[in-house]
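Residue numbers (full-length UniProt numbering), protein chains in the order written: chain F, 1 to 258; chain V, 1 to 258. For glycine and all other residues, C-beta sits at the position ideal for the given N, C-alpha and C. Below is one structure, written out as structure tokens; the observations come after it.
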DNA sequence: CCACGCATACTTGTATGCAAGAACACAAAT
DNA sequence: ATTTGTGTTCTTGCATACAAGTATGCGTGG
């Protein structure tokens, strides 16, 4: 059961709201990796019709958060090592290049704005909850992209970042708390490198900053290997020709009780 | 008028076919930047219903090839310098990083496969038309991504590359022919750098290889500045409150003759 | 006990109807 | 001549009905 029947605040469009709802449910494991969902069931739950639900599902499929098997079903994408590595590659490459470019282009006003971000982040360290903290984190990284002159690249980074966040969040709910202070400290070093106008240094700091997620995927794989497994029914994407091989289990979760 | 009523060969789904048809029409300027399109008109032309047309339009909007203004209309995205620069940034960063990584990881079998690509490309130089030549070009770049261990990153590059291709194709149809031989030669140098196992050299060669598009956008901007202009009717995305400022011109192309 | 056939209840893909809003055309008033 | 109101027709967003395909459950026959 996903959260609420669409009472989310800034109502842009039903489709957008449904997208955010499902995406959030996937990220916080309300919808577990490998579980099956259905357009009709989601439409009932969210109080919308199939059309906007379907549009959201197609967006999420392009985000690689869902797999749609026509006439068979739709499953939440299991965590995947290759996907994680690709996402890391994209984020690392783009953000390091942006940090270097920002170090080349940044003027005094830009550096001042970066420092404001760091100050706000430091203040949030004490009082804010995690979600707002990470929102500030995203804002800081976006600011660097903006200084580099390519703000719209941030959306590409975000699309990749989801797959890193999935691992981080899943690991977070099971393991210890997340150390937030080092993040702000690394941001401070990043600003220093950008202010100094040293592109290589900025890229190196950014690389170290981002690389800290890398070990989490291995830890999570040990903690909860089932999050990485595709349900056996859908593993055979190439249908065996009436072969009785994949008999036994059922696809539908049979949740009529909803 | 877009090409044919959906007779394209490998019929995956209506939605997919419509997507490819519109995308192709945008790329080859059958649909000119800034022109308005409509779900109903496209559905009639392509012999489909609105649903798959709508799905295709939404994909193309996420590709930034269309702008959808609810209740007002949908326009083909004009060429845009910022979009071009962002796309170049994404492609350059990812492909240079991939080339460097490929230089680190490539084994003899990988190098052999790369050489096969170059040989096939050389052969195509004499006989093949441009579209198959560029298909081989894409295959080569994908192979590098594969060797780097992140094949799925290629889809990200492709999404950005569209905006570079738009400029190249638009410039191609108006200006002289495209010199193809240097491309293959640069690929050869790239393979040499990867075979030598020198990441920095591979990245440098890749950078020079990709950077050749950069000057085209300026040339095209001089040749056909109208391709870069958003129709004035939709420039005001924030509606002036019943202000008669934007009066005069009309939005709808009024092509009832179709 | 096992294999096969069939009915049934699901799935997603597609078509279509309706609603809300925006822009144009035109007539009327100032 | 300019403005203003109004109706028509366009636009996209959403809801819903239908079509095609798939997996399950059960009965039947072996």
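Across the segment 24-53 of chain V, no CB contact with chain F closer than 7 Å is found for any residue.
Beta-bridge annotation (DSSP): residue 73(V) is paired with 69(V). The beta-bridge partner set that DSSP reports for residue 194(F) is empty. Across the segment 210-233 of chain F, no CB contact with chain V closer than 9 Å is found for any residue. Put simply, of 37(F), 75(F) and 122(F) the residue whose alpha carbon is nearest the alpha carbon of residue 181(F) is 122(F).
The three-state reading of DSSP puts residue 177(F) in coil, since its state is none of H, G, I, E or B. Counting every other CB atom within 10 Å of its CB across the protein chains shown gives residue 166(F) a total of 16 or more, marking it as buried. Listed in chain order, the alpha helix (DSSP H) runs fully inside the segment 97-177 of chain F are 108-127, 130-147 and 153-174, counting runs of at least 4 residues. As the crow flies, the alpha-carbon of residue 15(V) is around 43 Å from that of residue 178(F).
At least one CB of chain V lies nearer than 8 Å to the CB of residue 82(F). Remark: C-beta atoms of residue 153(F) and residue 84(V) do not approach each other more closely than 8 Å.
Within its own chain, the residues whose Cβ lies closer than 8 Å to the Cβ of residue 32(F), once the five positions on either side in sequence are excluded, are 76 and 227, listed in chain order. Only exposed fits residue 132(V), as fewer than 16 other CB atoms lie within 10 angstroms of its CB. Within chain F, no C-beta atom comes less than 9 Å from the C-beta of residue 190(V); the nearest is roughly 17 Å away. Considering only 164(F), 204(F) and 190(F), the residue with the shortest C-alpha distance to residue 81(F) is 164(F). Counted as a single uninterrupted DSSP element, the alpha helix (DSSP H) harbouring residue 222(F) occupies residues 214-223.
In summary, residue 58(F) is buried, with 16 or more beta-carbon neighbours lying within 10 Å of its beta-carbon over all protein chains present.
Looking at the DSSP output, residue 36(V) shares a beta bridge with 75(V). Residue 140(F) is positioned such that its CB atom lies closer than 8 Å to that of residue 187(F). At least 8 Å separates the CB of residue 125(V) from every CB of chain F.
For the pair of segments examined, the segment 50-66 of chain F was found to touch the segment 18-30 of chain F: the number of CB pairs separated by less than 8 Å reaches three. For the 8 Å CB-CB criterion, residue 147(V) and residue 94(V) do not form a contact.
Taking residue 79(V) as the centre and dropping the five residues before and after it, the same chain places the C-beta of 33, 227 and 228 closer than 6 Å to its C-beta, in chain order. Taking the Cα of residue 205(F) as reference, the smallest distance to any Cα among 48(F), 30(F) and 96(F) is reached at 96(F). When the five nearest sequence neighbours on each side are left out, the beta carbons in the same chain lying within less than 8 Å of the beta carbon of residue 157(V) are those of 90, 91, 94, 95, 141 and 145, in order along the chain. By the neighbour-count criterion, in which a residue is buried when 16 or more other Cβ atoms sit within 10 angstroms of its Cβ, residue 36(V) is buried. Closest in alpha carbon position to residue 135(V), among 161(V), 171(V) and 176(V), is 161(V). The C-beta of residue 49(F) has fewer than 16 other C-beta atoms within 10 Å across all chains shown, which makes the residue exposed. Using a Cβ-Cβ cut-off of 8 Å, residue 166(V) does not count as an interface residue toward chain F, since no Cβ of chain F sits closer than that to its own. Following the DSSP letters along the chain, one finds residue 206(F) inside the alpha helix (DSSP H) bounded by residues 199-210. Taking CB atoms only, residue 55(F) has a neighbour in chain V less than 8 Å away.
Closer than 8 Å to the CB of residue 158(F) there is not a single CB belonging to chain V. Shown here for residue 61(V): same chain residues with a beta carbon closer than 6 Å to its own, the five before and five after excluded, namely 68 in chain order.
For residue 64(V), there is no enclosing alpha helix (DSSP H), since its DSSP letter is neither H nor E.
Excluding the 5 residues flanking it on each side, residue 194(V) has same chain C-beta neighbours closer than 6 Å at 102, 103, 106 and 202, in chain order.
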